[in-house]
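With the working numbering, letter number 369 in the sequence shown gets 910, and the count goes up by one each step, no holes.
These notes concern the structure reproduced below.
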Amino acid sequence: MKRRKFIKNTGFGAGSILTGSSVVSFLTACDNNDMMNGGGMNMGGQSVSVTEGKFSRMLPVPKTVKDNAILTAQATSATINGNAVSVLGYQANGILGPIIRINSGIKASINFQNNLSEKSNIHWHGLKIPANMDGHPEDVVNPGSNFNYQFSVNQRAGLCWYHPHPDGATARQAFQGLAGLFIINDAEEAALKLPSGMYEIPLVIQDKRFSSSGITYSPSTGEVMTGYMGETITVNGEVSPFAEVTTRFYRLRILNGSNARIYNLALSNNADLIIIGNDGGLLKSPSIVKNILLAPGERLDVLVNFAGLNAGTEVFLESKEINNAGNAQGKQGFKILKFKITQTVNDSFTVPVSLSSFATVSPSSSSKTRNFIINAMQMGGSMNMTGMHRINGKTYDKNRIDETVAANTTEIWVFDNSQGDEPHPMHLHGVHFQVWERSGGRGQLIPSESGWKDTVLVMPGETVKIIIPFSTLTGVFVFHCHNLEHEDDGMMLQYQLT
Ligand code: C2O
Ligand code: CU
Ligand code: CU
542 MKRRKFIKNT GFGAGSILTG SSVVSFLTAC DNNDMMNGGG MNMGGQSVSV TEGKFSRMLP
602 VPKTVKDNAI LTAQATSATI NGNAVSVLGY QANGILGPII RINSGIKASI NFQNNLSEKS
662 NIHWHGLKIP ANMDGHPEDV VNPGSNFNYQ FSVNQRAGLC WYHPHPDGAT ARQAFQGLAG
722 LFIINDAEEA ALKLPSGMYE IPLVIQDKRF SSSGITYSPS TGEVMTGYMG ETITVNGEVS
782 PFAEVTTRFY RLRILNGSNA RIYNLALSNN ADLIIIGNDG GLLKSPSIVK NILLAPGERL
842 DVLVNFAGLN AGTEVFLESK EINNAGNAQG KQGFKILKFK ITQTVNDSFT VPVSLSSFAT
902 VSPSSSSKTR NFIINAMQMG GSMNMTGMHR INGKTYDKNR IDETVAANTT EIWVFDNSQG
962 DEPHPMHLHG VHFQVWERSG GRGQLIPSES GWKDTVLVMP GETVKIIIPF STLTGVFVFH
1022 CHNLEHEDDG MMLQYQLT
């Protein structure tokens, strides 16, 4: 049964077309679990409408630190939209954490101090580092304790990020403010002389749900189904901010740090987005688009050109509607960030024709294909209201290794959402992969999927094949849906590289 359609067609309690015992027990389970929340329940994946702010506050940019950072997770207060808001941060008096910027080849030593009242840890999303430094969900740091994450950064320039990953609490801790950017630079990138300094703008896009005093995280069962979405869009922790720019090229380093919300990014003046990189670093060559999807966990490296615009002009980074993204996503367009053009300048930058060279991995180098059905949900009589999201019928079990992979081999993994009705951004720890093929749904790859990736969006109806060259970093890693409610609900398995 297609769960979403069932719910949409019947409505909770309508009972008009209830047939079959599974449906009856499903509703009984709902009743027993007392899932009614106030004015109704978000059981079947309704979308959460965005309310735009005023775009009257300056875009904050997190401070930058180097390879020797201290990150202190704590409950603290941040000034957001002019109000003092209770948040979680990696420092006192602020949401999020600093931008860690490191040259490839450097050894990082990052001291994590857990001053939360619960377990936490740090996962370095996009970094190819040993399993014992990766922030596995069971590798947690107790309240009041610390852990020194030490690893060498041996990978191409790119935009990675970090966030907590404790089993069952990842979504809430991230939503309440724990996340940060991790930028790797290298010589190949430097030679391109891309816009830098104040012309390189990091953008962490997140939707939040605010109460009068804090960030509310209390997903209903329906919001576990859809993922938890907020009405308010923040960038770098501020609500609907603006950035002042001049008439030149800018490099936007964009992370979708939302738990569940997918964005269809575009500029309000219909100007080009010049895609130069993604999760895994620079593409081979730039790709020009008018809009592009960015799912939770994914990153984009984009050049935009404000040349030719008059001072005083306002251009918005916005999200357009999204087709066929399930019942809860993409129903509405909204503005995210305002660019205010302040003055006219000369700009001699030209977009490089070629950006990076790397091999395209051939499917013929794969020694094994693994198939993962990612739409599985049990609607049987014994259903309880957790573990609704599964991979091959399984939910996360720390004591079970789901896949054993030989080090230094290349494999094809297939994520099959052909029967599913929800989007799932699938993410692997410990590797970068190339996206080989998408069938069903959109039926093709999008330009940001042409390079190296660590997260790939699998829309309803789609099957996506990726090619993964595994490293020699043996150990146990997780792979999961990066809709963090799905992940915490169990849509996460383990592979062991041996
Ligand atoms: Cu950003 Cu396991 O995740
Ligand atoms: Cu990750
Ligand atoms: Cu999912």
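Virtual Cβ for every residue (Gly too), placed ideally from N, Cα, C.
Check	Outcome
CA-CA distance, N644 and Y740?	19 Å
Grab me the residues of T1013's own chain with a C-beta within less than 7 Å of its C-beta, minus the 5 sequence neighbours each way, in chain order.	A948, N949
With a cut-off of 8 Å, do at least 3 Cβ pairs link the stretch 623-635 to the stretch 678-689?	no
Sort G699, S754, Y769 by Cα distance to G822 and report the nearest one.	G699
Looking at T927 and M967, is the spacing between their C-beta atoms short of 8 Å?	no
Counting only the same chain and skipping the five closest in sequence on each side, list residues whose C-beta sits under 8 Å from that of P707.	E659, K660, S661, N662, P678, V681, Q714
So who's on the other strand from I1048, going by DSSP bridges?	It is not possible to answer for residue 1048, since the shown part of the chain is limited to 542 through 1039.
Look up F857 in the DSSP assignment and say whether it is helix, strand or coil.	strand
Taking the alpha carbon of F899 as the point to measure from, which residue in V886, N912, H973, Q870 has its own alpha carbon closest?	H973
So what does DSSP say about D748, is it helix, strand or coil?	strand
Kindly list the residues whose CB is nearer than 7 Å to the CB of Q747, restricted to its own chain and excluding five residues on each side of it in sequence; keep chain order.	T775, G798, S799
Mind reading off the beta-carbon distance from I817 to L844? Whole number of angstroms is fine, and I expect it under 8 Å.	6 Å
Taking its Cβ as the centre, do 16 or more other Cβ atoms sit within 10 Å of V1019, making it buried, or is it exposed?	buried
DSSP on A712, reduced to helix/strand/coil?	helix
Can you look up Y690 in the DSSP assignment and give me helix, strand or coil?	strand
Helix or strand or just coil, what does DSSP make of M599?	strand
Would you check if there are 3 or more beta carbon pairs closer than 8 Å linking the stretch 876-889 to the stretch 975-992?	no
Return the CA-CA distance between N851 and I882, expressed in angstroms with no decimal places.	7 Å
Examine ligand 2 and report whether any of its heavy atoms sits within less than 7 Å of the Cβ of H664.	yes
For V886, name the three-state secondary structure that DSSP assigns.	coil
Between V565 and the rest of its own chain, which residues show a CB-CB distance below 6 Å, the 5 nearest in sequence each way excluded?	Caution is warranted here: a pLDDT of 30 is assigned to V565, below 50, making its placement in the model unreliable, and no coordinate value can be reported.
Buried or exposed: which applies to I942, given that a residue is buried once 16 or more other Cβ atoms fall within 10 Å of its Cβ?	exposed
With a CB to CB cut of under 7 Å and the five nearest residues on each side skipped, what residues in its chain are close to V830?	L814, I816, P988
If you run the structure through DSSP and keep just helix, strand and coil, what is T762?	helix
If you measure between the beta carbons of G718 and I670, is that distance less than 8 Å?	no
Taking the beta strand (DSSP E) that A619 belongs to, which residues open and close that run?	611-621
With a floor of 3 residues, list each beta strand (DSSP E) that falls wholly inside the stretch 630-708, ordered by position along the chain.	640-644, 648-655, 664-666, 687-693, 699-704
Using three-state DSSP, classify T788 as helix, strand or coil.	coil
Would you say D938 touches ligand 2, meaning its beta carbon is less than 7 Å from a heavy atom?	no
Can you round the beta-carbon distance between V1005 and V976 to whole angstroms, since I take them to be within the 8 Å contact cut?	7 Å
Near ligand 3, which residues have their beta-carbon closer than 5 Å to a heavy atom?	H965, C1022, N1024, H1027
Pull up the DSSP beta-bridge partners for A625, would you.	T620
Who does M1033 pair with in a DSSP beta bridge?	H1021
Helix, strand or coil for M739? Go by DSSP, reduced to three states.	helix
If you follow the beta strand (DSSP E) that E862 is part of, which residue opens it and which one closes it?	Run containing E862: none; DSSP gives neither H nor E here.
When burial is assigned at 16 or more other CB atoms within 10 Å of the CB, is S897 buried or exposed?	buried
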